[in-house]
Amino acid sequence: MKDFIAAFEKRFDHKWLDANVLNMYKLERKQTFPYWQKSAQYACDLLKAEGFEAELIDIPADGKTVYQDKCTPIGWDVTKQTLTVVSGAPALNGKVISDFEQEPLMAVKHSVATPPEGITARVVTEGQMKAGEDVRGAFVLLDQTTRPRGENMRMLLDLGALGWISDYLENPGRTPDDVAWINAGTENNSWHVQAEDRPYTSYQITPTSGVALRNACQAGPVKVHAYSDGRRYETTLPVVTGLLRGEDPREVWMVGHLYEPLIDDNTNGVIGSIEILKVLRDMAAAGEIKLKYSVRVIFASEMYGFAAATEYFGGDLNGRVLGAINMDGITGSYDKSVHNEYRAIEAPDLPGFAGNILLHEATDHFSLNHPEMIISREDHGYGDDCAIGDSTIGVPVVWIFHGPKGLHHNSWQNENQYDPEKYYIHLGYCAAWVRAMAALTEEEVKEILPGAAARAQNVIDAAAADSVRAGTDCKARLDFIYERECAKLRALQLWAEIPEIDAAANSLTVPAPANTVVDVVPAVDRPDYARAQTKSWFDYADDFIFGRLTRGFPHDLMKKPFKARNQMPGTILYSTLADVLSRMDGKKTLKTIYSELEWDKNLILDEKTAKEYLMVCTMLSEWGYLSLEQKNVLSAADLTAALKNLGVEEGETLLVHSGLSGLGYLPGGTDAVIDALKAAVGETGTFMAPAFTRPYIMFEGSLNKSYRYRPYDTRPDGDLRDRTISTGALPKAMLKYPGSRRSGHSTHEWVAIGADAETCVAGHGLLDSPTGVTSPLDTALKRGGSVVFLGCSIAPNTFLHYLEEVTDAPFMQESVGS
């Protein structure tokens with residue numbers, strides 16, 4: 119493999135690479151769909167010109183079509199978009215601070231058109247908006263550290279803003295006169311604007327302009343003139359594929375994503391993949407290699423396009439595609455190359471996959487050729503285009519990309535920063551893995567077996583010395599790791615059915631564990647998350663068996679209503695939750711999967727994470743992404759019986775504090791809890807809960823303008839303030855429950871359900887004491903009602919605040935406020 123790395127570097131057509139990287143970059147830089155369609159056609163034409171079987175597959179870009187829970191973006195085009203400061207900023211007055219024609223990344227993708235003459239509007243900072251400033255018909259200047267997506271986008275559009283202005287940049291000190299590329303200013307967790315997303319017109323400006331504009335806004339009113347002819351429309355965003363046939367129809371993939379407007383993200387990955395395909399073809403024609411397996415290139419939008427592509431090729435590709443390499447992050451700019459760092463990330467060890475052995479071999483030989491390069495070897499992940507390694511799709515993906523240093527999504531990464539020499543070197547590294555996967559010989563298998571077996575034995579021996587969770591069966595853990603390493607070695611039979619492979623696997627040994635069961639956890643690994651249940655969350659997971667009902671990782675949560683789509687841990691892909699989901703088979707308990715994850719990744723899940731993953735999985739089961747078989751089910755009837763057993767009586771007024779996750783999983787969720795409470799107090803009873811939001815929005819009768827306080831929502835449904843309730847899921851659900859009543863306080867609202875709900879909350883004014891004599895708390899206490907804590911610890915804070923108010927006890931103020 120050492121010789122092949124050098125052979126690739128010598129064979130690469132440098133002029134062809136340079137010309138096509140820059141040509142495609144110029145198309146992609148515009149970031150509009152007409153130019154991106156030209157870019158796809160350009161890649162397809164290159165493949166055809168070289169004689170490869172090539173295809174351009176039109177994928178709907180309508181903001182509605184869903185592949186593997188990834189909703190395709192809606193199309194977008196713009197030819198002119200500008201932002202000019204009109205008044206209020208002496209250093210900027212009359213200046214155009216954002217211009218699509220000057221820098222295409224200054225127009226936030228999916229911005230819509232202004233009126234033909236443009237629009238003049240105020241600029242309000244994010245801090246001022248959150249303090250309650252009226253942003254209707256204005257542009258919101260986001261904080262420099264605010265990435266334009268998610269909660270902030272929903273908030274400003276809810277409040278009537280036209281859009282936003284952002285100087286967000288990951289490295290503002292290094293490149294103060296450049297701008298970030300914003301893939302999409304979405305309201306939810308999707309990477310793209312969908313048909314349901316509301317319209318906006320938004321701009322990127324440089325950090326230099328941002329500082330001046332923000333300072334001016336703090337000093338007084340600022341106005342800008344905005345113009346855009348942007349439009350959203352239904353179109354297509356193609357997938358491009360090309361094939362080099364081998365003796366066997368099973369395929370090895372190179373996946374490179376289109377549609378990103380930066381020199382090393384990801385034009386060079388696409389062009390480099392075609393060049394590797396060309397060199398493989400020429401080597402095979404010259405008799406230097408024998409292609410056993412076919413090699414396919416696939417170019418599509420990052421992750422989303424590959425969800426569509428894998429569906430196009432059949433969806434479940436286990437065994438049909440032997441493995442893939444992610445061609446994202448190929449070193450292409452001087453900024454990336456100066457650090458001489460690569461990350462070699464393994465693929466998940468799906469059955470029959472030996473690609474990780476070949477990744478280690480390629481890395482070792484590359485290091486011999488290029489000792490100046492620093493390479494970190496990392497365990498498998500599912501981020502970005504590696505998501506097709508999910509077991510329901512079955513394409514394990516390795517990834518060799520530049521190190522963590524350097525700029526990211528920055529307009530500085532343009533054609534002037536192209537570093538061809540380091541680009542060729544990186545391509546050679548990737549090509550070595552592809553060549554091995556497609557054309558490994560029997561002699562090479564024999565050559566690499568001793569080293570692969572030695573690495574496998576080292577992994578097993580190291581596991582025997584590791585500390586693990588209390589209660590772990592160490593023998594079971596070592597057996598699991600042993601079987602994994604044996605399977606990897608035996609997967610080399612894809613290239614050579616020789617007895618030496620079984621001999622190498624059989625040579626592995628399992629050391630005797632020091633203890634059959636570990637009964638001590640290192641102090642640093644002890645969970646620090648308090649829980650109401652007697653079981654740990656890790657052990658409680660043994661009551662749940664999940665199976666996969668859909669293909670691909672849940673991501674956009676398209677089965678849920680638009681406003682209900684929530685953020686998942688690490689958006690699943692960037693957390694070990696992806697590993698948990700990929701291991702689900704409808705047979706193993708979640709605790710078993712947690713154990714396998716810990717053993718495979720050599721980590722210990724803390725209690726907070728074990729709980730969080732369980733709650734996410736139950737949510738996914740409720741929306742049809744997972745099947746669920748549950749032992750020891752807690753029902754609403756069980757909860758009602760428990761409340762009555764505690765002494766809750768029909769007809770009483772009940773005050774509820776809750777932390778429902780502490781109860782574990784209750785089918786029906788918050789609605790089931792509400793039903794249980796209603797049954798406990800009966801038709802003549804009432805129950806209430808605090809629905810407190812961020813405090814101190816009002817101060818001494820006037821609006822608090824202090825930084826970062828959310829505005830009070832005067833609308834009857836209180837939708838904006840409901841999103842920041844800090845007292846749990848139950849009050850949020852109660853506020854939406856038919857017939858519930860809310861007190862209407864600015865920060866310490868109460869919500870009640872039942873026969874006397876209106877009376878309980880009616881006397882609490884907007885600026886009254888949160889827990890004083892007019893509060894629903896006072897009403898409940900005077901009625902002699904009960905206080906119940908559901909799934910949470912008993913905390914006296916609310917009652918102490920009440921005592922402070924009714925007794926006028928100044929000695930309590932400091933302790934209550936601390």
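Each residue of the sequence shown is one higher than the last, beginning at 119 in our numbering. For every residue, glycine included, the Cβ atom is placed at its ideal position computed from N, Cα and C.
Which word fits residue i, buried or exposed, when buried means at least 16 other C-beta atoms lie within 10 angstroms of its C-beta?
i, result
"H132", "exposed"
"S494", "exposed"
"A682", "exposed"
"D703", "exposed"
"T200", "buried"
"R438", "exposed"
"K709", "buried"
"L764", "exposed"
"Q685", "exposed"
"G212", "exposed"
"A584", "Strictly speaking, residue 584 in this sequence is Asp, with Ala absent from that position. With fewer than 16 other Cβ atoms within 10 Å, it is exposed."
Whose C-beta lies closer than 6 angstroms to the C-beta of residue i among residues of the same chain, with five residues either side of it excluded?
i, result
"A794", "A754, L757, T758"
"S693", "P687"
"Y153", "L145"
"I492", "N458, E459"
"R669", "Q186, G433, T510"
"K166", "A172"
Have a look at residue i and residue j and give me their C-alpha separation to the nearest angstrom.
i, j, result
"R147", "R573", "44 angstroms"
"L355", "S776", "47 angstroms"
"V357", "Y422", "10 angstroms"
"R129", "L398", "10 angstroms"
"S904", "P808", "15 angstroms"
"L899", "Q246", "39 angstroms"
"L596", "V628", "7 angstroms"
"F122", "M401", "10 angstroms"
"T727", "P785", "21 angstroms"
"S887", "L772", "21 angstroms"
"I175", "V869", "53 angstroms"
"W717", "F598", "8 angstroms"
"T150", "R265", "21 angstroms"
"T232", "K341", "16 angstroms"
"V456", "F471", "34 angstroms"
"W551", "L752", "51 angstroms"
"A137", "L164", "12 angstroms"
"L781", "F664", "19 angstroms"
"L486", "K540", "16 angstroms"
With a threshold of 7 angstroms, establish whether the CB of residue i neighbours any heavy atom of the ligand SAH.
i, result
"H478", "Annotation note on the ligand SAH: not contained in the displayed structure, which lists no ligands."
Which of the three DSSP states is assigned to residue i in this structure?
i, result
"S171", "Sequence check: residue 171 is Glu here, not Ser. E171 falls in the strand class under three-state DSSP."
"Y318", "coil"
"C189", "strand"
"G441", "strand"
"L667", "coil"
"P379", "coil"
"W741", "coil"
"A418", "strand"
"F218", "coil"
"G236", "coil"
"N436", "strand"
"R826", "Interpretation of R826 is limited by its pLDDT of 42, a score under 50 that renders its predicted location unreliable; the figure taken from the coordinates is listed afterwards. Residue state, collapsed to three classes: coil."
"R254", "coil"
Between residue i and residue j, which are expected to be in contact by the criterion C-beta below 8 angstroms, what is the C-beta distance as a whole number of angstroms?
i, j, result
"I448", "R350", "With a Cβ gap of about 32 angstroms, I448 and R350 do not count as contacting."
"Y452", "D537", "5 angstroms"
"G281", "T319", "4 angstroms"
"F656", "Y712", "6 angstroms"
"G250", "A239", "The pair is not a contact, with the Cβ atoms about 19 angstroms apart (cut-off 8 angstroms)."
"A557", "I407", "4 angstroms"
Between which residues of its own chain and residue i is the CB-CB distance below 7 angstroms, once the five residues before and five after are set aside?
i, result
"E618", "K564, L567"
"S391", "M372, G374, V415, M445"
"L435", "T428, I511, G512, V513"
"D643", "Confidence at D643 is low in this model, with a pLDDT of 37, below 50, so its placement is unreliable and no value can be given for it."
"L395", "F170, G360, L362, V413, V415"
"R497", "According to the sequence as given, residue 497 is Asp; it is not Arg. Correct list, in chain order: E464, K719."
For residue i, which residues in the same chain have their Cβ closer than 8 angstroms to its Cβ, ignoring the five residues on either side in sequence?
i, result
"E740", "G787"
"Y542", "E127, F130, H132, L135"
Please report whether the beta-carbon of residue i lies at a distance below 8 angstroms from any beta-carbon of chain D.
i, result
"V226", "Absent from the structure is chain D; it holds one protein chain and no more."
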